[in-house]
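In the numbering used here, the protein residues as written are 1111 to 1646.
Following: one structure in structure tokens, then a few remarks.
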């Protein structure tokens, strides 16, 4: 930005002088002026030149304008041509066929001074002849008053430039967008698929489907260190529109980008919050529409469903964030002394806009309706349902990070507590491992007091086959609990994200689910997806 301002200032200055005859102008471009005595000291060491331009002529200080027939004009033109000086005109020419004011002449003379000064300072004084130095010294003497005025104006303009740089920020809004389109197909073994409660979901393989999501994001900054984020979103209801979500809708097998938060082609306000930095390394986000999983449980290899894994249970610790949809609240992120430790905390209320009980609450994870089918709670900002989470991260380098987490809150007047661990380790530029673990307690569910476990682990292959590509393989069990079903669901996913360009990504992926919905009677589910992401 400083270089841009300097270039801009120099251009304004030159044209200001070039087209003005007023000697009282107050701004001019910054430059370095060679003192006459400095030129005199160099003359004695310079090689002679038989084509001296210095002669016995009438002083040009007596002239109002410098004519192209004057000795000064001819002398300066010779210097400019001999030393490759750009005199400052838009096309780089000297325009020696017209008269110029003494102040216009001073600008060009100053450019010649700078060029010769540069040669002398870089040890190339042998390229400058003694006669040329004498010519330059004579010109400096003849235009001493104009050059002095030029120097004085520099100080004024530099002060104004500093003021502009100090106050250069202006409120700006940046528009970005993303479109995700998927082609899905899948099948299952066995006669039918049943839910965690034993109800039949389907007896036949689902038909192939096409799902989509589109969002527009507005990011506005007012002071340069803050951001107001507004995200509008729409999409198909793909918790049922993709085979994995249709066949196993309860324990995180759905494609995350399809249910966070698109609901059957509705155009909604997805995110609305303001982030600012009250002091260094400490940020605060607050708003009526935040998302808890945007602030905690991040992972470089399993976090962005439009970039890596699609299985919802692989994107975040599935039991750590029962509030994973839009909610009102605040979050902080503190990195003391820019060291290896980071502390994050958040509070979110799922239905803060409602002052009383109005039944089931939106914005909760897909397993919550299974545990609490009747809803309830008193809602509001400090009522039900709410979540509080803290996370301590230790990241001594870019290749390793360990995160310890704790969430607590209430779901419809019923308390829950969850502990979590999240790690990532980059073993080489092209190979990494990662994983998550969670242990929780959910009280007074439809299955009694339960203590679910969760885990996932995987490997990633950055830059596989081409720069910017990434492949990943992961497995996990999203909801390990004996009170629901008679088995434990296990998920597998493999993907390869290929960058077609900087703005287009193409990702084939496969999902495999065994013992879906924690039911041993359910056969293995296999689904395939081709995901295309357009970013702009």
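Using N, Cα and C, we set each Cβ at its ideal position, and we do this for glycine too.
Keep in mind it's a predicted model, so treat the numbers as computed, not measured.
Item	Value
Using DSSP with H/G/I as helix, E/B as strand and the rest coil, what is residue 1192?	helix
Within its chain, find whatever has a CB closer than 6 angstroms to the CB of residue 1461; leave out the 5 residues flanking it on each side and keep chain order.	1471, 1489
Check whether the Cβ atoms of residue 1580 and residue 1418 sit closer than 8 angstroms, and answer yes or no.	yes
Starting from residue 1559, follow its DSSP beta bridges and name the residues at the other end.	Answer is none; residue 1559 lacks a bridge partner.
Does the Cβ-Cβ distance between residue 1496 and residue 1526 come in under 8 angstroms?	no
Once the 5 residues before and after residue 1626 are set aside, which same chain residues still bring their CB inside 6 angstroms of it?	1358, 1599, 1632, 1635
State the Cα-Cα distance for the pair residue 1552 and residue 1576, rounded to the nearest angstrom.	45 angstroms
If you draw a straight line from the C-alpha of residue 1263 to the C-alpha of residue 1257, how long is it?	10 angstroms
When we look at the beta-carbon of residue 1313 and count the other beta-carbons within 10 Å, is it buried (16 or more) or exposed?	exposed
Less than 8 angstroms between the CB atoms is what I'm expecting for residue 1512 and residue 1533, so what's the real figure, rounded?	5 angstroms
Based on the DSSP secondary-structure assignment, which residues constitute the bridge partners of residue 1331?	1282
Measure the beta-carbon distance from residue 1653 to residue 1294 and round it to whole angstroms, keeping in mind my assumption that it falls under 8 angstroms.	In the structure displayed, the chain extends from 1111 to 1646; residue 1653 sits before or after that span and is not available.
Pull up the distance between the alpha-carbon of residue 1628 and that of residue 1594, whole angstroms please.	7 angstroms
What's the call for residue 1377, buried or exposed, on a 16-neighbour Cβ count within 10 Å?	exposed
With DSSP as the reference, identify every bridge partner of residue 1642, one or two as the case may be.	1291, 1616
In angstroms with no decimal places, state the Cα-to-Cα distance between residue 1141 and residue 1259.	In this prediction, residue 1141 has a pLDDT of 38, which is less than 50 and means its spatial position is unreliable; nothing more can be read from the coordinates.
Between residue 1336 and residue 1399, what straight-line distance do the alpha-carbon atoms span, to the nearest angstrom?	17 angstroms
Label residue 1630 either buried or exposed according to how many other C-beta atoms from any shown protein chain fall within 10 Å of its C-beta, with 16 as the threshold for buried.	exposed
Below 8 angstroms, how does it come out for the segment 1436-1453 and the segment 1387-1395: are there three or more Cβ pairs, yes or no?	yes
Would you please verify whether the beta carbon of residue 1580 is less than 8 angstroms from any beta carbon of chain C?	The chain labelled as chain C is not found in the depicted structure, where only one protein chain is given.
Taking 8 angstroms as the cut-off, decide whether the C-beta atoms of residue 1561 and residue 1550 are in contact.	yes
Please list the terminal residues of the continuous beta strand (DSSP E) segment that includes residue 1533.	1525-1538
Looking only at DSSP bridge pairs, what is residue 1323 linked to?	1290, 1345
Taking the alpha carbon of residue 1430 as the reference point, which residue from 1243, 1564, 1570, 1641 has its own alpha carbon closest?	1564
Starting from residue 1546, follow its DSSP beta bridges and name the residues at the other end.	1532, 1566
Tell me, which residues are paired with residue 1636 by DSSP?	1297, 1622
For the alpha helix (DSSP H) that residue 1355 lies in, which residues bound it at each end?	1353-1357
My output table needs one value for residue 1478: the three-state DSSP class, helix, strand or coil.	helix
Given a threshold of 16 other Cβ atoms within 10 Å of its Cβ, counted over all protein chains shown, does residue 1530 qualify as buried or as exposed?	buried
Give every residue of the same chain whose Cβ lies closer than 8 angstroms to the Cβ of residue 1642, excluding the five residues on either side of it in the sequence, and list them in chain order.	1290, 1291, 1292, 1614, 1615, 1616, 1617
What residue range is occupied by the uninterrupted beta strand (DSSP E) comprising residue 1497?	1496-1507
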